[in-house]
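Okay, structure first, notes after.
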Amino acid sequence: MPMNVSSTNSLSDLETTSEETSTTVSPQSISNESSFKDPTNQEFVQEIPNTSAIPVLTTTGIALGKNKTTPPFTSSTSFIQAIPTGMITVAPLLNLTTSKDPSNVITKLTSVWHSTSTTTIKPSIVSTTPKNPLSPSEMLSFVCGRRQISPKGRIVGGTQSAYGEWPWMVSLRQWKKNAFLHKCGAALLNEYWVITAAHCVENVSPTDLLLRLGEYDISTDKEPFSHIERRIQIIAPHPKFDPRTFEYDLALLRFYEPIRFQKNIIPVCLPEHNDTYVGRWATVTGWGRLNEDGPLPNVIQHVDVPIITNKDCENMYKRAGYIEDIPNIFVCAGLAKGTKDSCEGDSGGPLVIEDQNRWTLIGVISWGIGCALPNQPGVYTRITAFSRWINQIIAF
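Following the UniProt record's numbering, the numbering of the sequence shown begins with 1 at its first residue and continues without gaps.
Below you can see the structure in the form of structure tokens.
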């Protein structure tokens, strides 16, 4: 997690012996999903499609017992195993009977996965019922990046976040022995998709992963609004992801069931302009280590870092004794003196920037050397370089 003494040591997936309690996955996890009001007091309710056309999880193998040593959903269903990076991974439909052919989504998604078309497909996100109805894309544009809870009690000069401060933040969890444990960060894009780093899901089956949205303090469930959990149906890494160089380090994950936005679960905005953001301060968030080889926090952390040019980034690494080629598909952020950065366990999490009380995703935590060391800034996948690809995928 970003702390005053952390950095982007994100080259390897987080392996932890955390004592976090095991997660119980339940169809009832969609409870406590509510409507919310925008700053003008106009109430919006997300309209969920007919449930007969939505894959709904069966009860087979859902609850995780303390002695359970295999992932949930180990029923008679033949599961698709993890497949090599560069391929779309699709989880099973869990003995579902549906009037909607799920393969239709997969076929359409695959057709645009490698697309180089200049046409941006607008995702159909939410519908609304105010006096002057907005289109789905207008609705998402209005909602995204706007906090519904005013942060209170923020520690001055510190990095522990306030409740509801980062409502798009997602905990990506992987099955480890008998529980789903935090592995990487992710960010909510719409009611069906989150974005993370491709290296976080490389060679991992969707059945071994779980997304937790609306989380704040992982040590307790006593929070104003409950978190919501979702199983992953589709893993779509960028087809050009290179695990040796971490180039194209992006992956999009699709839920089985849609999310209803609530006050602690709001999507982040995607950038509308091809800005470099150099010279501006951005914020990185997560539950990663508080320092290199340090402990994992219970509460989501944040840290503010300055955006620097890629050339300055390369020169800083050179001064630290490393020769790094950092192309423009990356964005760098950090101080020459170190002290502030993301760390192990933050991989895949969002780098966001604020404009007029709206937060926009400009990077996804990818890699770094050490944690918050001098002349070793964090390196993030630049979202503006992939806006077209992202929008085409999340349209489905």
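Just so you know, even glycine gets a beta-carbon here, dropped at the ideal spot from N, CA and C. The structure displayed is predicted, hence computed values, not measured ones.
Under 8 Å, do tryptophan 166 and isoleucine 300 count as touching if we go by C-beta distance? yes
Quick check: the region 320 to 331 against the region 142 to 149, are there 3 or more CB pairs under 8 Å? no
Selected residue, minimal CA-CA separation from cysteine 200, among Ser347, Ser161, Arg358: Ser347
Between the region 219 to 226 and the region 267 to 275, can you find at least three pairs of beta-carbon atoms closer than 8 Å? no
Cβ separation of asparagine 287 and proline 306, assumed to be a contact under 8 Å, to the nearest whole Å: The question names asparagine, but residue 287 in the sequence shown is tryptophan. In fact, because the Cβ distance is near 23 Å, the residues do not count as touching under 8 Å.
Extent of the continuous alpha helix (DSSP H) to which arginine 319 belongs: 310 to 319
Anyone know if the C-beta pair for phenylalanine 261 and arginine 230 falls short of 8 Å? no
For a quick check, are the C-beta atoms of leucine 209 and arginine 244 less than 8 Å apart? no
Take the Cβ of histidine 273 as the centre, count every other Cβ of all protein chains shown within 10 Å, and call the residue buried at 16 or more, exposed below. exposed
Whose C-alpha, out of Ala91, Ala251, Val170, Lys176, is nearest the C-alpha of serine 387? Ala251
Between glutamine 233 and isoleucine 308, what straight-line distance do the alpha-carbon atoms span, to the nearest angstrom? 37 Å
What ranges does the beta strand (DSSP E) occupy inside the region 155 to 187, keeping only unbroken runs of at least 3 residues that lie completely in it? 169 to 176
One question on the structure: do glycine 363 and valine 331 come within less than 8 Å of each other, judged by their Cβ atoms? yes
Please say whether arginine 382 and isoleucine 326 have beta carbons closer to each other than 8 Å? no
Going by beta-carbon coordinates alone, are serine 171 and threonine 285 separated by less than 8 Å? no
Beta-carbon contacts of proline 71 that lie in its chain and below 6 Å, excluding the five residues immediately before and after: For proline 71, the pLDDT reaches just 48, beneath the cut-off of 50, and the residue's location in the model is therefore unreliable, although a value from the coordinates is still provided. These residues qualify, in order along the chain: Trp175, Thr207, Asp208.
Which one or two residues does DSSP pair with glutamate 229 in a beta bridge? Arg212
Helix or strand or just coil, what does DSSP make of residue 434? One cannot answer for residue 434 here, as it falls past the ends of the chain, which runs 1 to 396.
Residue from Glu191, Lys177, Arg146, Gln148 whose Cα sits closest to the Cα of isoleucine 394: Glu191
For the candidate residues His227, Asp275, Tyr248, whose alpha-carbon lies nearest to that of tryptophan 389? Tyr248
Residue 430 burial status per 10 Å Cβ neighbour count (16 or more: buried): What is shown of the chain runs 1 to 396, which leaves residue 430 out entirely.
For cysteine 313, which residues in the same chain have their Cβ closer than 6 Å to its Cβ, ignoring the five residues on either side in sequence? Ile326, Cys332, Pro377
Report the three-state DSSP secondary structure of isoleucine 329 (helix, strand or coil). coil
Find the nearest neighbour of asparagine 264 within the set Gly349, Gln148, Cys184, judged by alpha-carbon distance. Gln148
At what residues does the beta strand (DSSP E) containing isoleucine 393 begin and finish? Isoleucine 393 -> not in any beta strand (DSSP E); alpha helix (DSSP H) instead, spanning 387 to 393.
In three-state terms, what does DSSP make of proline 350? strand
With DSSP as the reference, label cysteine 269 as helix, strand or coil. strand
Taking 7 Å as the limit between beta carbons, can you name the residues of its chain near threonine 119, skipping five residues before and five after? Low confidence applies to threonine 119: its pLDDT is 33, below 50, so where it sits in the model is not reliable enough to give any reading.
Between which two residues does the beta strand (DSSP E) carrying isoleucine 362 extend? 358 to 367
Give the straight-line distance between the Cα atoms of isoleucine 365 and alanine 385, rounded to the nearest whole angstrom. 15 Å
Might you give, ordered along the chain, the residues of its own chain that have their beta carbon closer than 7 Å to the beta carbon of arginine 146, omitting 5 neighbours on each side? Ile266, Asn357, Arg358
With the cut-off set at 8 Å, would you say leucine 253 and leucine 211 are in Cβ contact? yes
Work out the CA separation of isoleucine 195 and glycine 185 for me, nearest whole Å. 9 Å
Would DSSP call alanine 198 helix, strand or coil? helix
Mind checking which residues open and close the beta strand (DSSP E) that includes valine 284? 281 to 286
Cα-Cα, which of Ile228, His227, Ala198, Leu188 is closest to alanine 236? Ala198
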